[in-house]
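So the structure is just underneath, and the comments pick up after that.
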Amino acid sequence: PVASFIILALIWMRASALPLFISFLMVFPILYTNVLAGIRSADRELLEMARVFRVPWLRQARCILLPAAEPFLLAGSAAALGMSWKAGVAAEVIGVVGGSIGEKLYEAKIYLQTGDLLAWTVVIVALSALFERAVLALLRRCCRWAKGGRT
669 PVASFIILAL IWMRASALPL FISFLMVFPI LYTNVLAGIR SADRELLEMA RVFRVPWLRQ
729 ARCILLPAAE PFLLAGSAAA LGMSWKAGVA AEVIGVVGGS IGEKLYEAKI YLQTGDLLAW
789 TVVIVALSAL FERAVLALLR RCCRWAKGGR T
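Okay, so the sequence shown: first residue is 669 according to our numbering, each after it adds one.
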């Protein structure tokens with residue numbers, strides 16, 4: 669219920685802080701559950717062997733847990749990034765954040781400017797796609813680096 673959270677959050681915070689807060693609120697559970705599932709999918713025998721040989725916890729995390737969680741993190745990030753844009757723009761529209769894309773969408777709706785509404789929608793979709801590609805490429809690069817691969 670994104671709209672409910674936006675309206676509730678408007679009671680306690682400034683409209684300008686709303687998009688970031690709502691985006692975080694919508695994205696955190698997705699990322700948390702995906703990463704947790706990835707960690708739980710780690711090979712138990714490898715973890716047991718690491719414990720027996722007293723491998724430091726940070727090394728276990730880097731060499732066993734992180735590689736197990738990587739595909740889950742990437743999948744969760746792809747879903748979360750799309751959700752964050754939707755939630756952020758919805759917060760801008762409902763909170764009427766000055767100078768934002770959401771405000772422009774709201775004005776286009778109020779004044780029945782269909783062309784502007786479609787143009788801003790295209791801008792949002794394009795920015796979302798570019799941002800998603802950039803962040804996922806960065807995540808893939810970081811995951812490859814963490815495993816000791818090429819950068």
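Note that the Cβ used here is the ideal one computed from N, Cα and C, for glycine as well.
Next item on the list: May I ask you to verify whether the region 731 to 745 touches the region 702 to 714, counting CB pairs closer than 8 Å and requiring at least 3?
Entry: Contact holds: three or more Cβ-Cβ distances are below 8 Å.
Margin query: Measuring straight from C-alpha to C-alpha, what distance separates L715 and I732?
Written below: Their Cα atoms are separated by approximately 7 Å.
Checklist line | Inter-residue Cα distance where the pair is R809 and Y779 | finding: Looking at the backbone, the Cα of R809 and that of Y779 are separated by about 45 Å.
Notebook entry, point to check: Using CA coordinates, which residue listed in G766, V790, L693 is at the minimum distance from S684?
Noted result: Checked all of G766, V790, L693; the closest Cα to S684 is G766.
Checklist line | Three-state class that DSSP yields for L678 in the structure shown | finding: DSSP places L678 in helix when its eight states are reduced to three.
Notebook entry, point to check: If you run the structure through DSSP and keep just helix, strand and coil, what is L704?
Noted result: Annotated three-state conformation of L704 is helix, per DSSP.
Next item on the list: Starting from P739, follow the alpha helix (DSSP H) in both directions and report where the run begins and ends.
Entry: Counting along the chain, the alpha helix (DSSP H) containing P739 begins and ends at 734 to 763.
Next item on the list: Tell me, please, whether the region 744 to 751 touches the region 724 to 731 by the rule of three or more beta-carbon pairs shorter than 8 Å.
Entry: Touching, no, given that fewer than three Cβ pairs across the two stretches are closer than 8 Å.
Notebook entry, point to check: Considering R719, what are the terminal residues of the alpha helix (DSSP H) in which it resides?
Noted result: Looking at the DSSP string, the run of the alpha helix (DSSP H) that includes R719 is 712 to 720.
Checklist line | Sequence-distant residues of its chain with Cβ nearer than 7 Å to K777 (five each side left out) | finding: Closer than 7 Å at the Cβ level, and outside the excluded window around K777, lie L785.
Checklist line | Residues of its chain near L699, where Cβ-Cβ distance is below 6 Å and the 5 sequence neighbours each way are ignored | finding: Answer for L699: G744, A748, listed in chain order.
Item checked: Check whether A759 and L686 have beta carbons under 8 Å apart -> In contact: A759 and L686 (Cβ atoms closer than 8 Å).
Checklist line | Three-state secondary structure (DSSP) of Q728 | finding: If DSSP states are grouped into helix, strand and coil, Q728 belongs with the helices.
Item checked: Element boundaries [alpha helix (DSSP H), containing L773] -> L773: member of the alpha helix (DSSP H) spanning 769 to 778, first to last residue.
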